[in-house]
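A short write-up of the structure that comes next.
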Amino acid sequence: MSTIAIPNSSAVHHDDHSHEHHKETFLTKYVFSQDHKMIAKQFLITGIIMGVIAMGLSILFRIQLAYPDKSFPLLEVLLGKFAPEGRLDPNFYLSLVTIHGTIMVFFVLTAGLSGTFSNLLIPLQLGARDMASPFMNMLSYWFFFTASAIMLSTFFIESGPAGAGWTIYPPLSALPKAMPGSGLGMTLWLVSMVLFVASSLMGGINYVSTILNMRTKGMDLWKMPLTIWAFFLTAILGILSFPVLVAGIVLLIFDRSFGTSFYLSDIYIGGQALANEGGSPILWEHLFWFLGHPEVYIVIMPAMGIASEVMSVNSRKPIFGYHAMVYSLIGITVLSFVVWGHHMFVTGMNPFLGGVFMITTLIIAVPSAVKTFNWLATLWRGNIRFTPAMLFAIGLVSFFISGGLTGIWLGNAALDINLHDTYFVVAHFHLVMGSAAIFGMLAGIYHWFPKMFGRMMNPKLGYLHFWLTFISAYLVFFPMHFMGLDGVPRRYYAFTEFESMQKWLSVNVFITWAAILGAVAQVAFLFNFFYSIFFGEKSTQNPWQANTLEWTTPVERLHGNWPGEIPTVYRWAYDYSKPGHDADFITQITPLSETMSSNLPHDFEGNEEAERIQERWNIDHKSVDKREEVK
Amino acid sequence: MDIKRYLNLKSLLALTGIVGLSFQQVMAQAAGVATDTVSKTDGLGKTVGYYLILFLLICVVIGIIGKVLHVYELTKQIQGKKEGIAWNKVNGILFAVTLVVGLYGAYWCYTVQGAQILPEAASEHGLKIDSMFRITLVITTIVFVITHILLFLFAYKYNYKAKRKAYYYPHNNTLEKYWTVIPAIALTVLVLMGFFTWRGITNISSDQMKSALQVDVTAHQFAWEVRYSGKDNVSGRKNYKLIGSLGGLNSLGLDLADKHNYDDLKVTEIVLPVNKSVRFTLTSQDVLHSFYMPHFRVQMNCVPGMSTFFQFTPRITTAEMKVKTNDPNFKYRLYCAKICGAQHYNMQFAVRVVTQREYDKWVKEQKPIVTDDMKKEYQLAMKENVASKENKIALNN
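The listed protein sequences derive, respectively, from chains A and B.
In this text, residue positions in the first sequence follow this note's numbering: the first is 1, and each later residue adds one.
In this text, residue positions in the second sequence follow this note's numbering: the first is 1001, and each later residue adds one.
Below you can see the structure in the form of structure tokens.
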């Protein structure tokens, strides 16, 4: 373990200088902070704001879908020429859909989720003073912030935001003549995404190097909590796949601005035949989905890690099959690189290739199934405390099952023929990626709020938030499956033009009201969150009686995390309700020598000396027991 | 330095004041600019205010309920009881209720909304897809129900009791092997079936390709251009650079040097003979589109610069389908399923399946795509071309 010495030496170094660093200004503490905890909070609050905006956008287009013929003067007041006569413009509708998707997938569920919890928990749960490179960490946030600002600024330009869907398939996204949303808005979208990827790479490199190099004494890889495993594999996924998106984006920028033909060929638009020949939009699809599919696991894996941790803590039980959970995460990570083609079954990709991708896709369902069953087994015979975090973790499992099962349909090339680009797909990914990942994020927020702000969130408002959100999410997305099975394509501005779709209009009204209910429910969360930051009940050091290292730090949240020496880790993170021990949890920093009554042979990992000591103790103790019985 | 310092009442009031003032100013400006829209937005403030007050009222009610619960719990605490409301129990019960109501809701959706989905497949390969569909539906529904029963029942049954200790159960390799292997087997079955179905649909011998009725579809923003291949059953060549040539008549960019073009037919609806294989060749002139005919379980993207194909055999005529679906207005439809611009939602084209006899009659009525005007323009252009060539030769001399 050559890695152990490093954090300790840096710790000493830090302690020497800590007195000089005390003069913190507002700027260095809250704005250009290099403290991982503050950066985590910056990511979280930016993520929440972006999430609220993206949710607002979805309500706008849901209103259009529910009432396609009705005029809402308020919309015109708010949106001006994007909603002439109080009805959304079809181009603006597509822009709303596009930006909703982009913000939710990248800005909320990638940066808001990984950025927050990787930054917060990696040093805290591994026993490090900070990230490997705090400065790069700060840059990562500010790149993300700039990317967010640019993405939102597109609402204030004349041609409107990008409108080609979040997958921005060329030629639609490459030709400004094809739609207004492919003008300046698309250029800014591309710029914003390049900055975003830079941010996410800086974050990812930091996460991986911190996890590999800065674990405290005794924290070997197999003692890491599942959250850290999830963040670790997520970061690797991001590092390997995000650059491919940048490559694709650069080629698209070249096609748009410098007359190249990577994606363009044989195009006649606006009364003019373009000179571009020999390119193929399929190339973009390959490059995009090479990121795009790992991306959905970048979104869901941290949520899974958080859910595993939260469920174990609140069931007061070890996570079932820790090794299987890690191996299934690794399996998902590896497989996620070879399944991207299932987004392209009917795009004109060679059909034989489609068959191959179908096989790899359905294989990835196996590790996902293992995770689900392990979660169920973790709940079984637990002693479940329904903290708001626990509710959201259970909600995640439910969404992951419901949405994951429809993945088996869509991964099947034959079935995908008729389901591709319909509402069935919308329902599928909103449940498995949208709802499940958001629930993971919310579980994380409720669970680690005391660690971030030193105060507790109001649990009752949390219950209200959970139940309203959980129910409304199902009410929104469950009926969409059936619309998809009726062959209703997605990204349709109105269902009024086809007689066969008229029967879904009433369902659309229902879905919209369910969505509004879900959106209003978030007010309970937002109020709870921001109110509790300042006025919430003060937290104790370990409010959930959890085992992991972050709860051994003081409530005051020091720069450098632990006031003295970094604690040493002696055991895995999941010794909950261990038989023979008086309390129902044993923290990772409790040595085995202090828990002689509950040690199991497995705990010694083949250390013969320790086993001998334990045996001797057992014999002594048993004889004592017997003597007592005799008396 | 604490951020809380900035949060005293005074600065908050000041902030609201500033925001309020600037908002008023903006509104005043907007009002000044848009005096004519005033009539339209008249009473808008009232409506918005109404909903705002309604919302605030709900918030207040929730706040009051919260306070009442808090007071109740406090009094219980004073009386020396540990917990006023057993929230763990309440949430556990809510999970049980959700399980029952949710399963009923899912059942309701399956029966009521499930009755609104597409009728049986109107194509031969569609039958195979439908049987795949049914098998997948049954398997996934069983898993969905069982896992949800377990999830919510566990949540209900094992809610917290101070006296109980959870069962320390870190792993069980046998159990884990079971739930790795069983899904793996189920998925292998699905994969194999899916793979062969998919290959059966997409892997077509070249003899079958040639014998099928050839139909060529060109998509553009926001319409479909369809031509039948005529007597020779070969669609003529196209070249996008010729689009708009021949005095603007050549909207598809037909290459009139190719003889195969002359017998091709221009149609305004897709009419297919029942039980006869038809092969669609798809391209796009501008952006991606998707050729989607859900009743036939047919979808394929239209890609500029590349031809894509879909071959299938319709098996039910429109007339028969009207009887089967009990819907006298039933029509087959062609949609665009790939986002393609503002009118994406309205790219329709009529499709009809008829008997062979009706088809033969219909096809005779269709006009060739190369009109006499186009031919004239083409000959004129050729002559000019020849003349200019001769001119050049003359000049060279």
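Backbone N, C-alpha and C fix where the C-beta goes; we use that ideal spot for every residue, glycine too.
Just so you know, these numbers come straight off a predicted model, no measurement behind them.
Compare the beta carbon distance of residue i and residue j with 8 Å and say whether it is the shorter of the two.
i: residue 1234 of chain B; j: residue 1260 of chain B; result: yes
i: residue 258 of chain A; j: residue 199 of chain A; result: no
i: residue 1272 of chain B; j: residue 1369 of chain B; result: no
i: residue 1218 of chain B; j: residue 1283 of chain B; result: yes
i: residue 151 of chain A; j: residue 234 of chain A; result: no
i: residue 358 of chain A; j: residue 1191 of chain B; result: yes
i: residue 1321 of chain B; j: residue 1122 of chain B; result: yes
i: residue 435 of chain A; j: residue 473 of chain A; result: yes
i: residue 1147 of chain B; j: residue 394 of chain A; result: no
i: residue 493 of chain A; j: residue 218 of chain A; result: no
i: residue 88 of chain A; j: residue 61 of chain A; result: yes
i: residue 1222 of chain B; j: residue 1346 of chain B; result: yes
i: residue 545 of chain A; j: residue 555 of chain A; result: no
i: residue 1156 of chain B; j: residue 1196 of chain B; result: no
i: residue 174 of chain A; j: residue 255 of chain A; result: yes
Per DSSP, what kind of secondary structure is residue i in: helix, strand or coil?
i: residue 1032 of chain B; result: Low per-residue confidence applies at residue 1032 of chain B: pLDDT is 47, beneath 50, and the placement is therefore not dependable, though the value from the model is reported in the following sentence. Note: residue 1032 of chain B maps to helix in three-state DSSP.
i: residue 615 of chain A; result: helix
i: residue 397 of chain A; result: helix
i: residue 622 of chain A; result: helix
i: residue 1273 of chain B; result: strand
i: residue 534 of chain A; result: helix
i: residue 427 of chain A; result: helix
i: residue 579 of chain A; result: coil
i: residue 1388 of chain B; result: helix
i: residue 599 of chain A; result: coil
i: residue 269 of chain A; result: strand
i: residue 1340 of chain B; result: coil
i: residue 1289 of chain B; result: strand
i: residue 222 of chain A; result: helix
i: residue 198 of chain A; result: helix
i: residue 1220 of chain B; result: strand
i: residue 296 of chain A; result: helix
i: residue 1306 of chain B; result: strand
i: residue 1231 of chain B; result: coil
i: residue 1213 of chain B; result: strand
Chain B partners of residue i, CB-CB under 7 Å?
i: residue 366 of chain A; result: 1180, 1183, 1184 and 1187
i: residue 358 of chain A; result: 1191, 1194, 1195 and 1198
i: residue 518 of chain A; result: Within 7 Å Cβ-Cβ: nothing; residue 518 of chain A doesn't reach chain B, min ~15 Å.
i: residue 635 of chain A; result: Here chain A covers residues 1 to 631 and nothing more, so residue 635 of chain A does not appear.
Measuring CA to CA, which of the options is closest to residue i?
i: residue 252 of chain A; options: A/97, A/183 and A/396; result: A/183
i: residue 105 of chain A; options: A/125, A/27 and A/193; result: A/193
i: residue 170 of chain A; options: A/93, A/392, A/287 and A/336; result: A/287
i: residue 1296 of chain B; options: B/1184, B/1144, B/1140 and B/1332; result: B/1332
i: residue 574 of chain A; options: A/536, A/565, A/467 and A/588; result: A/588
i: residue 1203 of chain B; options: A/352, A/543 and A/516; result: A/352
i: residue 1362 of chain B; options: B/1267, B/1308, B/1339 and B/1103; result: B/1267
i: residue 48 of chain A; options: A/522, A/467 and A/296; result: A/522
i: residue 671 of chain A; options: A/30, A/56, A/249 and A/576; result: A question about residue 671 of chain A goes unanswered here, because the residues of chain A that appear run from 1 up to 631.
i: residue 476 of chain A; options: A/502, A/563, A/515 and A/255; result: A/515
i: residue 531 of chain A; options: A/470, A/139, A/366 and A/453; result: A/453
So with CB distances below 9 Å, who are the chain A contacts of residue i?
i: residue 1306 of chain B; result: 265, 266, 280, 281, 282 and 348
i: residue 1300 of chain B; result: 346, 347, 348 and 417
Give the residues of chain A in contact with residue i, contact being defined as C-beta atoms less than 8 Å apart.
i: residue 1226 of chain B; result: By Cβ distance, chain A contributes nothing, its closest Cβ being about 17 Å from residue 1226 of chain B, past 8 Å.
i: residue 1132 of chain B; result: 412, 414 and 415
Name the chain B residues that come within less than 8 Å of residue i, Cβ to Cβ?
i: residue 354 of chain A; result: 1198 and 1202
Legend entry - 4 or more residues per run - each alpha helix (DSSP H) lying fully within the segment 331-375 of chain A: Counting whole runs of 4 or more residues, the segment 331-375 of chain A contains the alpha helix (DSSP H) stretches 351-363.
Legend entry - alpha helix (DSSP H) segments (min. 4 residues) lying fully within the segment 35-94 of chain A: Entirely contained in the segment 35-94 of chain A, the alpha helix (DSSP H) runs reaching 4 residues are, in chain order, 36-66 and 73-79.
Legend entry - Every unbroken beta strand (DSSP E) inside the segment 1062-1102 of chain B [3 residues or more]: Counting only runs of 3 or more residues that sit fully inside the segment 1062-1102 of chain B, no beta strand (DSSP E) segment turns up.
Inset, instruction - Counting only runs of 4+ residues fully inside the segment 457-495 of chain A, write out the alpha helix (DSSP H) ranges in chain order. - result: Segments of the alpha helix (DSSP H) lying fully in the segment 457-495 of chain A: 459-485.
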